[in-house]
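As numbered in my numbering, residues -15 to 127 make up the sequence shown, in order. Working notes, beginning with the structure itself.
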Amino acid sequence: MKILAIKTSGDHTSVCVILNDEINSFSMTHDRKERPDWNLFLTNIGHKRTFSLKDIDLFAYANSQDSYTATRTVASYLKGIAVALSKPLMAVAEEDNKNFEADIVAKIAKKNFLAVDKNCEQFDPNNANPLYKQESTFKKLDE
């Protein structure tokens, strides 16, 4: 099974690919407002050398509570790829663990995917939306 997973918290991003029994990961710290260069991350885990995106069986991302914008960006990025390739997508609830990286996301996603019916709605990219423990509050500019 081949899985691509991403975890970002706004100022730290990690990417992992599981290719059957091989696990390749890459992580990097960056400025909070700086968006990760996905080509750089994917190249560092072997994209176009050892796998292509169409080879991936499951895409997954960490449903991180640390950064609303970063999580939405990753969800949108992977949702676009999953829909274009007709592949499943999973949002993995982030555990309260400082060492929660993309490799853990990929392992949890693999375990959960293998444990249920592959046609289950929970893997439909349209249903893989970030969930937050509390509602976001927005300040209106005119007030």
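For glycine and all other residues, C-beta sits at the position ideal for the given N, C-alpha and C.
Between the alpha carbons of residue 1 and residue 29 lies a gap of roughly 7 Å. With a threshold of 16 other beta carbon atoms within 10 Å, residue 73 meets it and is buried. Annotation: the continuous alpha helix (DSSP H) that includes residue 67 extends over 52 to 69. Bounds of the beta strand (DSSP E) holding residue -3 are -4 to 3.
In terms of Cβ geometry, residue 43 and residue -14 do not form a close pair [threshold 8 Å].
Cβ atoms of residue 77 and residue 47 come within 8 Å of each other, at about 5 Å.
Under the DSSP assignment, residue 25 falls in the alpha helix (DSSP H) whose first and last residues are 22 to 28. Contact annotation: residue -8 and residue 54 have beta-carbon atoms nearer than 8 Å.
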